[in-house]
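Residue numbers (the working numbering), protein chains in the order written: chain A, 1 to 542; chain B, 543 to 601. Contents: one structure, followed by commentary.
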């Protein structure tokens with residue numbers, strides 16, 4: 001650890017402490033603590049949304065995965081921008097804000113529960129958040145701690161994990177949503193700086209955009225390198241790999257993994273993330289949401305777009321210097337980006353990139369802690385008419401429970417699952433999309449959707465997603481070991497050519513939608529919510 | 543074109559940039575559109591804040 005890096009880290013923590021204090025003194029009531037007083041600046045909201053969306057694992061984990069699969073991951077960047085920002089803000093954001101205000105909802109679970117006038121929905125959503133979001137938060141924590149450990153030779157993994165969690169916990173606990181959003185905006189800006197430098201450096205070193213891409217194309221195709229690369233990608237080519245600047249063979253194992261698990265799994269999953277949906281309720285009008293769209297779109301392009309582009313291009317750097325492709329030289333996808341930074345970037349860039357990655361992890365984790373804490377404190381233990389001091393106290397107790405639970409998981413998961421970051425992230429994203437997305441769309445757009453149909457779809461999506469992970473999708477079923485224990489094999493579909501590679505989100509979301517529609521058609525019209533309730537929820541919605 | 547290995551990858555590379563531009567153009571065109579918080583909305587919020595304070599005034 002150099003003196004420069006130490007100074008940068010200390011200044012960074014000092015600024016976070018100041019923002020924590022600023023949020024603390026500006027938090028006067030529960031609305032401030034839960035939703036930043038519903039008066040957030042649109043640029044801050046967009047940066048907060050983006051930096052919550054993008055974690056360390058999105059840059060390091062998925063960037064490394066792009067080192068393996070190549071530019072095909074850019075389909076995820078496209079979905080992240082088009083679905084995750086444009087559609088989410090324009091078609092989900094405005095109605096979420098308005099219905100949230102009409103029902104005086106402070107959390108995602110409360111919004112859905114009050115919209116359908118259902119305590120079951122509110123409690124179920126809160127329980128899913130409480131039980132499963134810490135698994136996702138633990139994945140983010142593990143990613144951050146691993147990078148801290150790699151950056152500081154004298155720091156062991158367990159200490160890094162504790163320090164990382166303690167800093168985030170402290171400022172979220174005291175400052176609530178105001179501090180979360182202030183710190184997210186700072187962290188988002190630092191991430192933009194780090195990724196911009198990385199993009200310019202990589203393209204400049206490789207001779208410009210077209211030359212860089214051509215070098216990567218030639219690595220797989222040209223006579224000079226074809227043999228050496230073919231030997232290193234032999235197993236991978238059997239799965240449909242055709243080079244880093246081409247899509248895998250249609251319906252091959254690689255194609256199914258890229259398209260269903262990575263592109264659709266994460267690309268669709270983001271629409272029903274509770275910690276992101278709640279951001280729309282932090283601004284005071286639709287105009288703020290319109291103003292947040294450009295920042296959000298540009299931010300995501302500079303995060304995932306740069307991470308995936310650079311991740312794929314690292315193959316040229318590693319092959320030219322060491323005669324090995326990225327994943328082979330680094331010893332796995334997760335190590336590609338850290339090894340690349342260490343081997344090819346100038347020394348002065350390390351503290352900048354370290355701060356950018358810590359920011360990515362901290363901004364995601366702070367929102368996760370806040371969301372889990374409010375799910376426990378407001379939706380599970382609290383009451384809507386409770387006095388504000390007591391409500392905030394219970395939420396803070398909920399947050400402590402969430403933080404302790406997450407830290408325990410972060411210590412335990414790497415011992416149970418070898419690929420814990422990717423599995424944990426996919427698990428939560430998949431569950432949220434399957435259980436919440438049809439119900440969430442219905443809440444915003446379908447006035448006649450009954451409570452029965454919404455609940456049926458939610459339970460069908462949730463249980464299908466969980467069962468598919470435990471017994472069919474090899475990536476999770478191998479790690480969970482339940483199928484092996486009960487049936488003596490890692491997946492019930494292990495002999496199938498396609499099924500074992502199809503991501504749970506594709507199956508579970510489809511079933512959730514079908515069940516919602518079928519139940520809606522079966523149940524009596526008398527089961528529709530009262531007109532007065534619907535009018536109240538949709539007041540002012542165009 | 544652009545040194546890419548197949549048309550699909552070239553298309554998605556361009557789509558990423560275009561979708562980001564779509565967000566920027568949308569934001570510019572709608573910068574002053576989208577109603578501000580209406581007087582009724584502000585009144586509603588003040589009502590809720592009053593209600594919360596009344597509950598506190600448990601003291």
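C-beta: ideal position from N, C-alpha, C; glycine also.
Per DSSP, the continuous alpha helix (DSSP H) segment holding residue 237(A) begins and ends at 234–238. In the pairwise beta carbon analysis, the region 356–373 of chain A is classified as touching the region 53–62 of chain A: at least three pairs are separated by under 8 Å. CA-CA distance, residue 397(A) to residue 485(A), rounds to 37 Å. Rounded to whole angstroms, residue 471(A) and residue 498(A) show a C-alpha spacing of 15 Å. Assignment of alpha helix (DSSP H) within the region 1–78 of chain A, counting only whole runs of 4 or more residues, yields 3–26, 30–35, 42–53, 62–69 in chain order. In the DSSP assignment, residue 362(A) falls within the alpha helix (DSSP H) that extends over 349–374. Of all C-beta pairs linking the region 162–179 of chain A to the region 31–50 of chain A, three or more are shorter than 8 Å, placing the two stretches in contact. Closest in alpha carbon position to residue 111(A), among 277(A), 467(A), 344(A), 400(A), is 277(A). Against residue 247(A), the close residues of chain B are 548, 550, 551, in the order they occur along the chain (beta-carbon pairs closer than 8 Å). Contact residues of the region 282–294 of chain A toward chain B are 284, 285, 286, 287, 288, 289, 290, 291, 292, 293, 294 (C-beta to C-beta distance below 9 Å). DSSP, reduced to helix, strand and coil, places residue 274(A) within a helical segment of the structure shown. Here residue 271(A) is near residue 437(A), since their CB atoms are less than 9 Å apart. For residue 332(A), the closest C-alpha among the options 43(A), 50(A), 63(A) is that of 63(A).
Two segments are said to touch when three or more pairs of C-beta atoms, one from each, lie closer than 8 Å; by this definition the region 389–407 of chain A does not touch the region 456–471 of chain A.
Any Cβ of chain B closer than 9 Å to the Cβ of residue 75(A) would place that residue at the interface, and such an atom is present.
Listed in chain order, the non-local C-beta contacts of residue 489(A) below 7 Å within the same chain comprise 483, local neighbours out to five positions each way being set aside. Ranking 231(A), 218(A), 285(A), 265(A) by CA distance to the CA of residue 45(A) puts 285(A) first. With 16 or more other CB atoms across the displayed protein chains lying within 10 angstroms of its CB, residue 51(A) is buried. Secondary structure at residue 494(A): coil, using DSSP grouped into helix, strand and coil. 30(A) is the residue among 169(A), 174(A), 30(A), 68(A) whose C-alpha sits nearest the C-alpha of residue 106(A). When the alpha-carbon of residue 235(A) is set against those of 246(A), 225(A), 253(A), the nearest one is in 253(A). Residue state for residue 541(A) is assigned as coil, using DSSP reduced to three classes.
Only those residues of the region 209–233 of chain A whose C-beta falls short of 8 Å from the nearest C-beta of chain B are listed: 209, 210, 211, 212, 213, 214, 215, 216, 217, 220, 221. Sequence-distant partners of residue 293(A) (beyond 5 residues in either direction) whose C-beta falls short of 8 Å from its own C-beta, in its chain, are 46, 85, 86, 89, 90. Only those residues of the region 296–327 of chain A whose C-beta falls short of 8 Å from the nearest C-beta of chain B are listed: 296, 297, 298, 300, 301, 305. Close partners of residue 72(A) in chain B (Cβ separation under 9 Å): 550, 551, 554.
In the structure shown, the three-state DSSP call for residue 569(B) is helix.
Short of 7 Å from the beta carbon of residue 401(A), and not among the five residues preceding or following it, lie these beta carbons of its own chain, in chain order: 376. Here DSSP, grouped into helix, strand and coil, assigns residue 241(A) to coil. Nearest to residue 562(B) by C-alpha distance, out of 458(A), 451(A), 441(A), 305(A), is 305(A).
Taking 9 Å as the threshold, the shortest C-beta distance from residue 243(A) to chain B falls below it. Looking from the CA of residue 463(A), the closest CA among 262(A), 15(A), 427(A), 378(A) belongs to 427(A).
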